[in-house]
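Asks:
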Amino acid sequence: MSRGFNWFTPVAVVVALSVGSLQAATFSIVDGEGFESPDYSTTFNGTGQLDGQFASIAGGFGSDQWAKSGGAGSSATVQSAVFADGGQAVRVDKGDGPDAFWGIQQSGYPDPGFPYVCIEWDMLVEFADAPTGGAQTPFGPYFGVAAYDNETTQKRIGYLGVDSQTGDVLYSEAGSGFFTPTGTVVSFDEWHSYQLILDYNSMTYRATVDGSLVLTGAEFDEGFVDGVTSLFTDANISAISADNTDYYMGLTGTAYFDNFNVFETTNAKPVPEPAAALLLVAGAGLVAARRRN
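Going letter by letter, the sequence shown gives residues -24 to -1, 1 to 269 in mature numbering (1 follows the signal peptide of the UniProt record, and there is no 0).
1) Can you give, in chain order, each stretch of the alpha helix (DSSP H) that sits fully within the region 35 to 100 and has at least 4 residues?
2) Just mark residue 253 as buried or exposed, buried being the case when its beta carbon has 16 or more other beta carbons within 10 Å.
3) Using the Cβ count rule (16 or more neighbours within 10 Å means buried), how would you classify residue 78?
4) Quick check: what's the CA-CA separation for residue 28 versus residue 95?
5) Tell me whether residue 106 sits in a helix, a strand or coil according to DSSP, three-state version.
6) If you run the structure through DSSP and keep just helix, strand and coil, what is residue 27?
7) Go ahead and pull the three-state DSSP assignment for residue 16.
8) Where do the N-terminal and C-terminal ends of the beta strand (DSSP E) with residue 232 fall, by residue?
9) Taking all protein chains shown into account, do 16 or more other C-beta atoms lie within 10 angstroms of the C-beta of residue 274, making it buried, or fewer, making it exposed?
10) Is residue 159 near the ligand ZN, in the sense that its beta carbon is under 7 Å from a heavy atom of that ligand?
11) By Cβ distance below 6 Å, which residues in the same chain neighbour residue 149 in space, the five residues on each side in sequence not counted?
12) Report buried or exposed for residue 184, applying the criterion of at least 16 other Cβ atoms within 10 angstroms of its Cβ.
13) Please say whether residue 145 and residue 162 have beta carbons closer to each other than 8 Å?
14) For the region 170 to 189 against the region 51 to 59, do three or more pairs of beta-carbon atoms, one drawn from each stretch, fall closer than 8 Å, so that the two count as touching?
15) Secondary structure at residue 153, three-state DSSP: helix, strand or coil?
16) May I ask you to report which of helix, strand or coil DSSP gives residue 198?
17) Determine, using beta carbons only, whether residue 119 and residue 240 come nearer to each other than 8 Å.
18) Return helix, strand or coil for residue 248, following the three-state DSSP convention.
19) Given a cut-off of 8 Å on the beta-carbon distance, is the pair residue 231 and residue 58 in contact?
20) So residue 271 and residue 200 are supposed to be a Cβ contact under 8 Å. How far apart are they, rounded?
21) Return yes when the Cβ of residue 40 is within less than 8 Å of the Cβ of residue 215, no when it is not.
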């Protein structure tokens, strides 16, 4: 994916993430604002399509448009029939055809002293119930989030999502990028909370579902998919086929996304559930001119 946006922010604000006795300084990269009105419209461009609508960026000191890549037959729309909180959420329909992504590309993150980037969202996945394809077992499509460094050439960082046939929570293996079951299975047609925490100290990532770690072993135990990178540019709402064959690309499905947020932080522990994360403004402790190109 390649999307370029230029903007200038004169002031950045340090925020505190209050969890027990620990405080982590955080800075918002993208705040989906719950996809709520008036920031998001269910009638935008006649359909409520997500691409072209604006999200809050840079700690609330700017805004940028959602952009779509790939998936001509797929759509993401803001709607008010199904939601986790508030009164609106995004419905993603994976159509027959290529993978589809919706994101907001930034640059220059993470800032010095903020070695972690956290992506959190709530998601409800419908059971896809696809027909078998001869000897092919139906898997996918996958719904979730994909993190990238698109600063110069595309580098995959990490993926976390759900197979809409099996309910398996999947992550992407370092090196190959293959989707691999975590051992956690979620229920269909119910909301669950997800986190990807990218650790730029060790070039690894961590994943949680409903506040529980699903990558076990070391604290951050899965390497960035395409290896070492010092940058983060975008976290994309994603609808991905299980394989690049006509059968798998033809499988369709639906999922809903709510409470989408991306922020950088000084401390990745402990990990709160997304709905329970309390962001408290600590004041303009960091005042800086920032240029994103």
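Using N, Cα and C, we set each Cβ at its ideal position, and we do this for glycine too.
Replies: Short version:
1) none
2) In the sequence shown, counting from the first residue as 1, residue 253 sits at position 277. Per-residue confidence for residue 253 stands at a pLDDT of 38, beneath the threshold of 50, marking its modelled position as unreliable; no derived number is given.
3) Here residue 78 corresponds to residue number 102 of the sequence shown, with the count starting at 1. Burial call: buried.
4) One-based indexing of the sequence shown puts residue 28 at position 52. One-based indexing of the sequence shown puts residue 95 at position 119. Straight-line Cα distance between these residues: approximately 21 Å.
5) As a first step, residue 106 must be located in the sequence shown, where it is residue number 130. The answer is coil: DSSP assigns residue 106 none of H, G, I, E or B.
6) In the sequence shown, counting from the first residue as 1, residue 27 sits at position 51. Looking at residue 27 - three-state DSSP - the assignment turns out to be coil, as it is neither helix nor strand.
7) For the purposes of this step, residue 16 is taken as residue 40 along the sequence shown, with counting starting at 1. Coil, per DSSP.
8) Walking along the sequence shown from the start, residue 232 turns up at place 256. Its beta strand (DSSP E) spans residues 229 to 241.
9) Only positions -24 to 269 of the chain appear in this structure, which leaves residue 274 out of reach.
10) Ligands are entirely absent from the displayed structure, and the ligand ZN is therefore not among its contents.
11) Looking up residue 149 in the sequence shown gives position 173. Hits under 6 Å: 156.
12) Walking along the sequence shown from the start, residue 184 turns up at place 208. Buried.
13) Position 186 of the sequence shown, counted from the first residue, corresponds to residue 162. Position 169 of the sequence shown, counted from the first residue, corresponds to residue 145. Taking 8 Å as the Cβ cut-off, residue 162 and residue 145 qualify as a contacting pair.
14) no
15) Counted from its first residue, the sequence shown places residue 153 at position 177. Residue 153: coil per DSSP, three-state reduction.
16) Locating residue 198 in the sequence shown gives position 222, where the first residue counts as 1. Residue state, collapsed to three classes: strand.
17) In the sequence shown, counting from the first residue as 1, residue 119 sits at position 143. In the sequence shown, counting from the first residue as 1, residue 240 sits at position 264. No; because the gap between Cβ atoms is not below 8 Å, this pair is not in contact.
18) Translated into positions along the sequence shown, residue 248 becomes position 272. Reliability of the predicted coordinates at residue 248 is poor, the pLDDT of 46 falling under 50, and the value obtained from them is presented with this limitation in mind. Residue 248 falls in the coil class under three-state DSSP.
19) Position 255 of the sequence shown, counting from 1, holds the residue named residue 231. Position 82 of the sequence shown, counting from 1, holds the residue named residue 58. Contact flag unset, no.
20) A query on residue 271 cannot be resolved here, the shown segment of the chain reaching from -24 to 269 and no further.
21) Mapped onto the sequence shown, residue 215 falls at position 239. Mapped onto the sequence shown, residue 40 falls at position 64. No.
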